[in-house]
Structures are given as C-alpha cells and as structure tokens.
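Student: To start, I am sharing the structure in question, which I have written as structure tokens.
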Amino acid sequence: MKTEKLKGLDISTGKSKGFAFDTPPDLPKAHQSMLFVGKRASGKTLSCVNLLEKMKYDRIFVISPSVKSNKEYMDRLNLNPDDIEDDVDDITCIDRVIAKIEQERDDLEEYWDKLARWKKLNRQLNEGYMLNDLEDEDLLDLFNPITREFDKPKHKYNGRVPMTAILFDDVVGSMLFTKGIRRLNKLTIYHRHIAPFSEKGGAVGTSLYFLIQTYKAQAGGISKCIRNNTTSLVLFKSKNENELKDIQQECSGEISEEIFYKMYDYATSKPFGFLFIDFHPKDERYRFRCMWDELLLPEEISEKEEIKINGLSKDAEPSVQKTA
30 MKTEKLKGLD ISTGKSKGFA FDTPPDLPKA HQSMLFVGKR ASGKTLSCVN LLEKMKYDRI
90 FVISPSVKSN KEYMDRLNLN PDDIEDDVDD ITCIDRVIAK IEQERDDLEE YWDKLARWKK
150 LNRQLNEGYM LNDLEDEDLL DLFNPITREF DKPKHKYNGR VPMTAILFDD VVGSMLFTKG
210 IRRLNKLTIY HRHIAPFSEK GGAVGTSLYF LIQTYKAQAG GISKCIRNNT TSLVLFKSKN
270 ENELKDIQQE CSGEISEEIF YKMYDYATSK PFGFLFIDFH PKDERYRFRC MWDELLLPEE
330 ISEKEEIKIN GLSKDAEPSV QKTA
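Residues 30 to 353 (this note's numbering) are what the sequence shown spells out, left to right.
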C-alpha cells in the first residue's frame with residue numbers, strides 16, 4: 030500500500046480533556062461510567078464505597094432502595110439526606126439529581142461573576158473612585174452591612190468545579206430500568222456534559238457507578254447503551270458461563286481470551302476479590318487490577334498455565350470452560 034500525506038489536513042487534538050478532573054495517581058480518571066457486576070453478597074457495595082472514599086468526590090448522589098439496609102457502608106460517604114433517592118420506580122428521580130448538579134453550576138457561575146465584580150470594585154476604590162461613581166448593583170450585592178466592608182465573595186468549594194458522582198444500587202428491574210431507560214441512557218451518554226457552563230466552556234458533569242447482579246437481562250437490566258459507554262468494569266466471581274463469555278468478548282479488544290480468564294481466576298480467587306478493567310487508564314500498567322491495590326501486568330503472565338504477578342506466582346486454570 031502506498032500513502033501520500035495531504036498538507037494542512039492533520040487532526041489537531043486541541044486542549045480539551047475527555048476526563049476533566051485530576052484524581053490521585055493510582056486511581057481511575059474522572060468522570061467515570063463504571064459497572065460493578067457480581068452476585069448478591071459478592072462485595073459490590075463494599076468495593077464501590079472504598080473507591081468513592083478515595084476518589085474524594087465533593088458530592089455523591091445515591092439512587093437505591095437499599096440505602097438504609099446498607100447504612101454501615103453508606104454512612105462512610107457522609108451523604109446528604111437530600112441527595113438520596115430511594116424510590117427507584119419514580120423515573121423523575123434522575124431529573125431531580127440533574128437539577129441539583131445544575132444548581133451547583135449556577136452557584137459557581139454566580140460566585141465567578143461576583144468575584145470579578147469585587148476585584149473590579151476594589152481596583153476602582155484604590156484608584157480613587159467615589160462611591161457615586163460605582164455601579165449601584167455592585168454596591169448592593171457586595172457590601173456586607175455587618176462588617177461594613179466589601180467582603181470577598183465566598184464559595185463552598187473555593188471557586189473550584191465540584192466533582193460529583195451518582196451511585197445506582199439495586200435498581201435493575203425497577204421502573205427506572207424499564208420505563209425510564211431512555212432517561213438513563215441519555216444520562217450515560219451525556220454524563221460528562223451535565224450542567225454546562227454558559228460562557229467558559231466545559232461542564233460540571235458527573236460520574237456514574239452501576240452496581241448490578243447480571244451483566245445482561247431480558248428486561249429491566251443494563252442496556253447496550255450503558256455497556257457501550259462503560260469506562261471501567263469491576264467483575265466479581267460468576268457461575269454464569271454465558272455471561273462471563275459475553276463480558277470476555279466485549280473486552281476482547283483489550284486482552285486475549287486466554288489472558289482474560291487467567292487474570293479473572295486469579296483476581297476472583299480472593300475473598301471479595303474482583304477483576305478491575307480500566308478501558309481508559311492513565312497508564313497501561315493500570316489497565317488491569319486484582320481489587321484496587323494489585324496491578325495485573327499481562328507481560329508477566331507466561332505462556333504456561335502459571336500467573337506471575339508482582340513477584341508472586343499461582344497456578345491457574347480458567348474456571349469457565351472455553352469454547353473452541
């Protein structure tokens with residue numbers, strides 16, 4: 030094949046980032062759309078709460094009917110009671126959550142506006158402007174009658190864009206996943222663009238965390254749209270061979286079938302163990318993990334039936350019979 034370059038038509042990536050927030054080095058990017066797949070009592074809620082704690086979200090919304098029964102874990106997230114939606118058959122719960130994220134955007138834009146006006150006002154006063162020369166709106170909005178000063182505007186996140194997340198737990202089969210699936214699909218597609226800023230570009234956005242027992246369902250389960258927009262996958266031990274095969278095939282672009290099953294068996298052999306696959310890792314070394322704290326490095330997996338990871342070795346046979 031011969032090729033010939035055309036001048037001036039190369040693609041410029043620009044400065045925009047697909048993941049808007051800086052997260053700790055060893056943690057996934059944000060915003061996320063992450064799936065936790067595992068049977069009941071496999072450890073989905075425990076593992077998710079551990080990650081959410083470390084991601085340092087400013088505000089976490091929970092859509093789940095089981096918040097009270099998972100109180101021990103949920104209390105660790107210091108949730109605002111107003112940020113919990115426990116009626117998952119009310120499909121407008123998503124609209125209420127989005128409205129609260131948009132309010133965060135409005136509060137921040139108001140702060141930015143007041144801060145700019147406050148800086149201008151102080152500059153004018155330093156230049157000798159008289160009060161009669163200043164804007165009446167600025168005087169009314171920025172003057173504090175208690176301190177009798179033009180106090181600097183305050184914002185609960187000090188002018189920083191808040192990082193938000195929505196946790197969906199025990200919602201499969203609900204009205205939200207049947208009648209409301211179009212709302213949920215739209216949220217998944219546009220989650221990074223929720224609450225856009227009016228002038229500066231970008232958006233507050235939000236991360237999505239889905240805790241589910243089955244990867245695919247005839248009705249009321251995770252839609253193909255949500256699966257296709259997944260940025261990370263957390264996979265617990267499964268006895269459903271067909272489901273595991275489906276997951277392996279959808280991950281085939283990231284890893285071979287043989288290596289997938291070896292890593293899966295290694296990761297899920299531990300108590301509450303899971304295989305974590307990051308489809309958009311910060312570094313290739315962080316693409317696969319056993320739980321959150323152990324990197325799985327495919328180049329360290331030999332061609333023999335042995336896994337060598339982080340200096341440890343373990344004989345492993347795939348727990349699911351592979352098809353020819």
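Beta carbons are placed, not taken as given, at the ideal position from N, Cα and C, and that holds for glycine.
Nothing here was measured: the structure is a model prediction, and the numbers come from that model.
By Cβ distance below 7 Å, which residues in the same chain neighbour Ile130 in space, the five residues on each side in sequence not counted?
Tutor: Thr193, Ile223, Ala224, Val233, Thr235
Student: Can you tell me where the beta strand (DSSP E) holding Ser261 begins and where it ends?
Tutor: 261-265
Student: Looking only at C-alpha atoms, which of Ile251, Met204, Lys291 sits nearest to Cys122?
Tutor: Met204
Student: Which runs of the beta strand (DSSP E) at least 3 residues long sit entirely within the segment 132-200? Give them in chain order.
Tutor: 193-198
Student: Does the structure place the segment 237-246 close enough to the segment 286-295 that three or more beta carbon pairs sit under 8 Å?
Tutor: no
Student: Taking Arg88 as part of the beta strand (DSSP E), name the residues at either end of that continuous run.
Tutor: 88-92
Student: Please state whether DSSP places Val96 in a helix, a strand or coil.
Tutor: Looking at Val96 - three-state DSSP - the assignment turns out to be coil, as it is neither helix nor strand.
Student: Put Leu56 into one of helix, strand or coil per three-state DSSP.
Tutor: coil
Student: Per DSSP, what kind of secondary structure is Cys77 in: helix, strand or coil?
Tutor: helix
Student: Please list the terminal residues of the continuous beta strand (DSSP E) segment that includes Cys319.
Tutor: 317-319
Student: Buried or exposed for Pro110, please, with buried defined as at least 16 other CB atoms from any protein chain shown within 10 angstroms of its CB.
Tutor: Result: exposed.
Student: Does the beta-carbon of His60 have 16 or more other beta-carbons within 10 angstroms, so that it is buried, or is it exposed?
Tutor: Answer is buried; the Cβ neighbour count reaches 16.
Student: Comparing alpha-carbon positions, which option in Val201, Leu262, Cys254 lies nearest Asp118?
Tutor: Val201
Student: Give every residue of the same chain whose Cβ lies closer than 7 Å to the Cβ of Arg134, excluding the five residues on either side of it in the sequence, and list them in chain order.
Tutor: Ala224, Phe226, Val233
Student: Could you spell out the range, first to last residue, of the alpha helix (DSSP H) harbouring Ile276?
Tutor: 270-279
Student: What residues in its chain sit with their C-beta under 6 Å from that of Phe265, if we drop five residues either side in the sequence?
Tutor: These residues qualify, in order along the chain: Gly67, Ser71, Phe303.
Student: Going by DSSP, what residues sit across from Phe226 in a beta bridge?
Tutor: Answer is none; Phe226 lacks a bridge partner.
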